[in-house]
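Notes for the one structure printed next.
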């Protein structure tokens, strides 16, 4: 069945590996009959900084609470046009693919600023105006899928379970769990292309093929098995019950 | 002995808790006789987006490699004036304190963009132009200390060892380990003020006092015991030796 997929990508060079991979994902999705939306953040000249200009009609002109003003602007329809346009694409999408180079073990600032400005209160957090009641597995983006596709400079070994940088899926947990699963998206395992700084033509073709294969599984591959907040494992919505993964601590405790 | 401390902080409202805590840190440091530098990123109008404008004199005008151009611009002295000014403060500092609200479990985009633009190749990575040879415990910022001071909206329980958001020190590992320990800084345990959205006057005073106490220990408190890349635990500079923390995987494996 035909779906709609949003590809958000971040590199200023149209010939970059990031741009090439975004194009490869696009082509693979179109070949399956899906509709594709694109947010090429550098080409858009995306405003990365979340600030008072995001709230032209303030609830409280004296003090800037991002949570309160975000909820107010989202409800009242007073968000900036660029934010509204991105939210419309996000809401139209059945899945979102984020393609970016890993900079200091996270998203480039321009993409972090896309999250901050687009993931409004009432949409991506504060669902149903019920504080933290609906999150992690349910929320304003429930029913959608998400996937990170990253390029890194170093070798794969550096990101392995005992690699010097730290295990990649734990480094990305603030994004996969804290940003995408939080508003209810099903998050697929990350695709990583390592050694991007020295990649040759054959390596680029391999990377495109790997991403195309992942695009073919975008709506069928199993998601990362994060625990839903309201699925019974967190009876008080704050901490794991004592009998769930007893004795396990840290990020891994949140995997079923 | 008198030292110099740089406080980097990110909130646009001069009356915000972030600004108040930056001021409290400043006062506590001055009371000890230290010199304080400030980088109030919103007040500076900091350019968050790392892009071609950062490299007015390109090594390769046709293709934009951030690593290659960053190294070239840093060596040649062709970096933008705002980047050079921040690097001068960073190099003058014996310690750096980052004060920010935790947004989607990371730094606000404006601060992430400060890292991306200021932490140049040749300064914060690619030390001595030797690739990844000198990192994690040694590098261009060795001898300096660093500390994160964050505010969060949720309760402390949500960030505990079995809290629904994930354990705070593991969520921040990409910053503490991957960004600050990477170029050689000694990183202190993070100070977190939780429930910032509902904090009252007494809560603010408690938070200021807690931060002031941490500032008094800034040069003496024990750092997070991350393993140095070249200290023997990573004989190939990529992975932990089999006999180091045998069987332990993930972020915690990198703690001594």
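Chains as they are written, first to last, in the numbering used here: chain A, 1468 to 1723; chain B, 1468 to 1723.
Even glycine gets a Cβ: it sits at the ideal position worked out from N, Cα and C.
### Query
From this set, A/1535, A/1704, A/1710 and A/1702, which residue's C-alpha is nearest residue 1588 of chain A's C-alpha?
A/1535
### Query
Going along the chain, which residues of the region 1708 to 1723 of chain B sit with their C-beta nearer than 7 Å to a C-beta in chain A?
1716, 1717, 1718, 1719, 1720 and 1721
### Query
So, is the C-beta of residue 1595 of chain A closer than 8 Å to a C-beta in chain B?
no
### Query
Under 7 Å Cβ-Cβ, which residues of chain B neighbour residue 1546 of chain A?
Here the premise fails: no neighbours, minimum Cβ distance about 17 Å.
### DSSP-derived helix/strand/coil call for residue 1614 of chain A
strand
### Delimiting residues of the alpha helix (DSSP H) encompassing residue 1750 of chain B
Past the boundaries of the shown model lies residue 1750 of chain B; chain B is included only from 1468 to 1723, so the question cannot be answered.
### Query
Nearest to residue 1577 of chain B by alpha carbon, out of A/1603, A/1513 and A/1562?
A/1513
#### Entry: Nearest to residue 1622 of chain A (by Cα), restricted to the options B/1618, B/1704, B/1687 and B/1639
B/1704
### Message
Less than 7 Å separating the Cβ of residue 1523 of chain A from some heavy atom of the ligand FAD?
### Response
As presented, the structure is devoid of all ligands, the ligand FAD included, so that no description of it is given.
### Query
Looking at chain A, which residues of the region 1548 to 1580 of chain B have a Cβ within less than 9 Å of any of its Cβ atoms?
1568, 1570, 1571, 1572, 1573, 1574, 1575, 1576, 1577, 1578, 1579 and 1580
### Query
Under the three-state reduction of DSSP, which class applies to residue 1666 of chain A: helix, strand or coil?
coil
### Query
Identify the residues that DSSP records as bridge partners of residue 1660 of chain A: which are they?
A/1618
### Task
Would you kindly check if the distance between the Cβ of residue 1566 of chain B and the Cβ of residue 1474 of chain B is under 8 Å?
yes
### Message
Let me see if you follow: with CB-CB separation under 8 Å, is residue 1706 of chain A close to chain B or not?
### Response
yes
### Query
To the nearest angstrom, how far is it from the Cα of residue 1637 of chain B to the Cα of residue 1723 of chain A?
18 Å
### Task
Say whether the region 1642 to 1654 of chain A touches the region 1580 to 1596 of chain A, bearing in mind that this needs 3 or more beta-carbon pairs closer than 8 Å, one atom from each stretch.
yes
### Message
Short of 9 Å Cβ to Cβ, which residues in the region 1640 to 1654 of chain A face chain B?
### Response
1640, 1641, 1642, 1644, 1645, 1646 and 1649
### Task
Please name the residue in A/1515, A/1668 and A/1557 whose C-alpha comes closest to that of residue 1581 of chain B.
A/1515
### Message
Considering only their Cβ atoms, is the gap separating residue 1488 of chain B from residue 1674 of chain B smaller than 8 Å?
### Response
yes
### Task
Could you tell me if residue 1700 of chain A is buried or exposed, where buried requires 16 or more neighbouring beta carbons within 10 angstroms of its beta carbon?
buried
### Message
To the nearest angstrom, how far is the alpha carbon of residue 1554 of chain A from that of residue 1547 of chain A?
### Response
11 Å
### Message
With H, G and I counted as helix, E and B as strand and the rest as coil, what does DSSP make of residue 1506 of chain A?
### Response
strand
### Query
Just the Cα atoms here: how many angstroms apart are residue 1717 of chain B and residue 1599 of chain A?
28 Å
### Message
Excluding the 5 residues flanking residue 1486 of chain B on each side, which residues of the same chain have their C-beta closer than 8 Å to its C-beta?
### Response
1476, 1478, 1480 and 1507
### Message
According to DSSP, is residue 1706 of chain A part of a helix, a strand, or is it coil?
### Response
strand
### Residues of its chain near residue 1550 of chain B, where Cβ-Cβ distance is below 8 Å and the 5 sequence neighbours each way are ignored
1521, 1584, 1585 and 1587
### Message
8 Å is my cut-off, CB to CB: does residue 1530 of chain B come that close to chain A?
### Response
yes
### Query
Residues of chain B with CB under 7 Å from residue 1588 of chain A, in chain order?
Within 7 Å Cβ-Cβ: nothing; residue 1588 of chain A doesn't reach chain B, min ~11 Å.
#### Entry: Three-pair Cβ contact test at 8 Å for the region 1614 to 1630 of chain B versus the region 1667 to 1687 of chain B
yes
### Query
Going straight from the alpha carbon of residue 1689 of chain A to that of residue 1669 of chain A, what length do you get?
29 Å
### Query
How far does the alpha helix (DSSP H) with residue 1582 of chain B in it reach, from first residue to last?
1576 to 1585
### Query
Can you name the start and end residues of the beta strand (DSSP E) that residue 1485 of chain B belongs to?
Counting along the chain, residue 1485 of chain B falls outside any beta strand (DSSP E), though it belongs to the alpha helix (DSSP H) covering 1484 to 1498.
### Message
On a Cα-Cα basis, can you pick out the residue from A/1510, A/1631, A/1644 and A/1540 that is closest to residue 1518 of chain A?
### Response
A/1540
### Proximal chain A residues relative to residue 1515 of chain B, where beta-carbon distance stays under 8 Å
1515, 1516, 1576, 1577 and 1580
### Query
From residue 1639 of chain A to residue 1645 of chain B, what does the alpha carbon distance come to, in whole angstroms?
12 Å
### Task
Determine the chain A residues that contact residue 1632 of chain B at a beta-carbon separation under 7 Å, and present them in chain order.
1645
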